[in-house]
Amino acid sequence: MPPAGGAGRARTWTRAVDAPAGPGSQCLGSEFAPPWLLFFIIIIITTTTITTTTTTTIIIIIIAIALL
446 MPPAGGAGRA RTWTRAVDAP AGPGSQCLGS EFAPPWLLFF IIIIITTTTI
496 TTTTTTTIII IIIAIALL
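Using the working numbering, read the sequence shown as starting at 446 and increasing by one per residue.
The following block contains the structure:
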């Protein structure tokens with residue numbers, strides 16, 4: 446029973462590591478455009494719901510992240 450449990454945990458750990466590693470590497474690579482499209486969509490949504498001051502702050506934060 447312990448080896449089976451260990452194997453199950455190992456598989457779960459591998460999946461947990463591989464799942465974030467795939468999208469993460471794609472975001473840092475050539476597939477970085479789709480996340481930015483999502484950011485712009487979020488900005489458009491926040492522009493229609495939140496005040497312009499908050500939206501401007503979000504834009505400044507995103508620009509700061511882009512410069513890092």
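Where a beta carbon is used, it is the ideal one built from N, C-alpha and C, also for glycine.
Since this is a predicted model, take the numbers as computed values, not measurements.
Of the residues the options, the one placed nearest residue i, counting alpha carbons only
i: Ile503; options: Leu513, Thr491 and Leu512; result: Thr491
Expected contact under 8 angstroms - CB spacing of residue i and residue j to nearest Å
i: Thr498; j: Ile488; result: Incorrect: roughly 14 angstroms between the Cβ atoms, too far for contact.
Within-8 angstroms CB hit, residue i to chain D
i: Thr492; result: Of the protein chains in the structure, only one exists, and it is not chain D.
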